[in-house]
Amino acid sequence: MSDLTRLTAAELAARLTDGSITSVEATRAHLDRIAAVDGDVHAFLHVSDHALDVAADVDARRAAGEQLGELAGVPLAIKDVLVTTDMPSTSGSKILEGFMSPYDATVVARARAAGLVPLGKTNMDEFAMGSSTEHSAYGPTRNPWDLDRIPGGSGGGSAAAVAAFEAPIALGSDTGGSIRQPAHVTGTVGVKPTYGGVSRYGSIALASSLDQVGPVSRTVLDSALLHDVIGGHDPHDSTSLAEQWPSFAAAAREGARGDVLRGLKVGVIRELADVGFQPGVSASFRASLAAMEAQGAEIVEISAPHFEYGVAAYYLILPAEASSNLAKFDSVRFGMRLDVPGGTVEDVMSATRDAGFGDEVKRRIILGTYALSAGYYDAYYGSAQKVRTLIQRDFDEAFAQVDVIATPSAPTTAFRLGEQIDDPLQMYLNDVTTIPVNLAGVPGISIPSGLSDDDGLPVGIQFIAPARQDAQLYRVGAALEAILVDGWGGPLLDRAPILGGAR
Ligand code: GLN
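Numbering (our numbering), first residue to last: 46 to 548.
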């Protein structure tokens with residue numbers, strides 16, 4: 046493996062700026078790495094055939110003296126939920142096989158405008174439904190730490206690409222944990238921004254009141270740099286906040302440098318003690334808290350009594366919204382259409398949806414249409430929305446007492462492929478600590494907190510901040526990251542097993 050793939054996005058950016066490397070060299074190194082290991086990892090559904098041309102163009106503009114963004118020339122992987130004009134966008138589904146979008150998602154357009162070089166589209170659970178990437182219609186992605194284990198989901202492709210050094214940074218989407226839980230199981234960083242902080246325009250909708258696009262990386266600073274590029278108001282998204290955001294990269298740099306943990310009040314949720322975390326996950330979480338305490342943070346026990354109903358409320362709200370969002374895949378407007386000789390339009394539609402959607406998608410469409418049907422709406426969807434309000438109030442009360450909340454990012458380390466695929470309920474419970482964050486619309490980050498002492502696999506710690514205070518997450522995340530990496534004697538991913546024989 047070329048050394049360039051070992052550099053973070055910030056390090057690549059610095060070398061591109063000082064002229065010691067070109068974007069073509071950086072891009073070629075990552076394409077070579079993809080060619081070497083992606084047969085095993087399967088992080089990508091599509092690899093761009095013109096990434097080197099894009100990189101050459103950035104190099105030429107730099108040589109001509111053009112002022113470029115900080116990340117110009119840095120390669121980027123893109124979750125296949127985000128539409129792109131130059132590569133197919135499938136959202137992991139057969140029904141969209143080969144679909145070419147007439148426009149770019151806003152986050153993709155912003156990344157291109159900033160000179161980032163799209164490497165390809167990453168694998169995901171179909172329509173972002175899942176926690177293991179096994180629900181992809183194109184086969185699972187494997188965890189670079191252990192190829193027999195899941196990389197998390199739904200954004201397992203983006204997390205695995207970054208963890209396997211196939212890309213320095215990636216874009217993901219997070220509706221209930223799909224950026225943070227993959228980060229947890231792959232030893233990477235992932236951020237779910239404040240709802241409305243990053244445009245959803247061109248992100249193939251799963252549940253519109255929960256979806257957020259966000260960054261995936263190996264360091265907190267790299268996520269912050271990418272967030273600075275993709276964030277901010279977008280007139281194409283009616284839920285986009287008209288907010289002036291501070292520089293998240295500046296916040297991350299301040300956290301890594303400064304004394305931001307002294308006096309910081311970190312809330313730990315009492316009720317989560319009952320979740321049944323894997324012992325190694327709990328131990329790693331407690332060790333991270335102790336490391337923060339040693340730097341002057343104050344750990345405060347708080348109560349969030351409705352947190353435990355989050356998963357149940359989510360699995361009414363999400364299927365309800367998804368059933369409505371997925372109605373547009375009707376065999377007429379997008380993607381696949383089956384031929385039904387002599388059939389009516391309804392016959393074509395139902396045959397196409399039957400063949401084009403996988404089991405998990407069908408399960409949720411049925412659940413959602415049932416929950417929304419006349420006579421049941423109040424009992425199911427209406428009640429779930431009330432629970433959502435109670436969870437939002439839990440957060441409001443908690444944030445009156447503490448600056449940030451900390452939780453383990455997920456209950457267990459990476460499980461084995463096949464282990465939960467036939468047990469949807471078990472699969473749903475992977476998001477017990479991430480889902481309430483989406484329900485409340487607040488921001489969350491997962492950073493590596495260490496290796497579990499029971500199986501040697503990565504564990505993440507999640508920080509949650511009040512809405513609009515994403516910068517606080519970068520500050521705190523970078524501060525803890527600096528302490529932990531120092532203690533480990535180098536990044537956690539340096540300890541990942543050799544992939545492709547080159548590490
Ligand atoms: N695992 C959760 C689900 O299956 C979260 C998905 C997501 O965030 N897109 O719905």
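Virtual Cβ for every residue (Gly too), placed ideally from N, Cα, C. Because the structure is a prediction, the values reported are computed rather than measured.
Under the 10 Å beta carbon count, Ile411 is surrounded by fewer than 16 other beta carbons and is classified as exposed. The residue from Ala105, Ser285 and Pro185 with its alpha-carbon nearest to that of Val152 is Ser285. Comparing C-alpha distances from Ala357 to each of Glu346, Lys373, Ala459 and Thr478 shows the shortest one belongs to Thr478. Per the Cβ contact rule, the stretch 223-238 is in contact with the stretch 490-506 (3 or more Cβ pairs under 8 Å). Bridge pairing for Asn188: Asp191 [DSSP]. Secondary structure at Asp94: coil, using DSSP grouped into helix, strand and coil.
For Ser218, the shortest C-beta to heavy atom distance toward the ligand GLN is below 7 Å. Within the chosen limit of 7 Å, the ligand GLN does not reach the beta carbon of Asp500 with any heavy atom.
Taking C-beta atoms as the reference points, Gly403 and His180 count as a pair closer than 8 Å.
Non-local C-beta neighbours of Thr135 in its own chain, meaning closer than 7 Å and more than five positions away in sequence, comprise Leu90, Asp125, Leu141, Glu142 and Phe144, ordered along the chain. A distance of 8 Å or more separates the beta carbons of Val449 and Ile528. Around the beta carbon of Arg263, 16 or more other beta carbons sit within 10 angstroms, so the residue counts as buried. For Ile509, the enclosing beta strand (DSSP E) stretches over residues Pro503 to Ile509.
Rounded to whole angstroms, Pro238 and Asp256 show a C-alpha spacing of 10 Å. Of all C-beta pairs linking the stretch 522-537 to the stretch 290-310, three or more are shorter than 8 Å, placing the two stretches in contact. Per DSSP, Asp219 lies in no alpha helix (DSSP H); the unbroken beta strand (DSSP E) holding it starts and ends at Ile214 to Asp219. In the DSSP annotation of this structure, the continuous segment of the alpha helix (DSSP H) that includes Gly413 starts and ends at Asp404 to Leu417. Partner residues in the beta bridge of Pro453, as assigned by DSSP, are Ile506.
Judged by DSSP in its simplified three-state form, Ser136 adopts coil rather than helix or strand.
Residue state for Val128 is assigned as coil, using DSSP reduced to three classes. Set against 7 Å, the gap from the CB of Met132 to the closest heavy atom of the ligand GLN is not smaller. Nearest Cα to Val447 within the set Ala74, Val86, Gly308 and Leu161: Gly308. Straight-line spacing of the CA atoms in Gly64 and Ala105 works out to 12 Å. By the criterion of a C-beta distance shorter than 8 Å, Leu462 is surrounded in its chain by Ser177, Glu179, Pro185, Arg187, Asp193, Arg194 and Ile195, once the five residues flanking it on both sides are discounted. Annotation: Val432 to Glu442 spans about 15 Å, alpha carbon to alpha carbon. Between Ala206 and Ser138, the CB-CB gap reaches or exceeds 8 Å. Between the ligand GLN and the CB of Gly242, the shortest heavy atom gap is not smaller than 7 Å.
Taking C-beta separations shorter than 7 Å and ignoring five residues to either side along the sequence, the partners of Gly241 in its chain run Thr284, Ser285 and Leu286, following chain order. Shown here, Gly341 sits in coil according to DSSP, grouped into three states, outside any helix or strand.
Burial is judged here by how many other beta carbons sit within 10 angstroms of a residue's own beta carbon; Asp539 has fewer than 16 and is exposed.
Note: Gly84 is not bridge-paired with any residue in the DSSP secondary-structure output. Within its own chain, the residues whose Cβ lies closer than 8 Å to the Cβ of Val326, once the five positions on either side in sequence are excluded, are Pro453, Ala455, Pro456, Thr457, Thr458, Ser497 and Val504, listed in chain order. Sequence-distant Cβ neighbours of Ser146 in its own chain, meaning closer than 8 Å and more than five residues away, are Val128, Thr129, Thr130, Ser134 and Gly247.
Judged by DSSP in its simplified three-state form, Thr239 adopts coil rather than helix or strand.
Taking all protein chains shown into account, Thr389 has fewer than 16 neighbouring C-beta atoms within 10 Å of its C-beta and is therefore exposed. Within the stretch 312-392, complete alpha helix (DSSP H) segments of at least 4 residues are found at 324-339 and 355-370, given in chain order.
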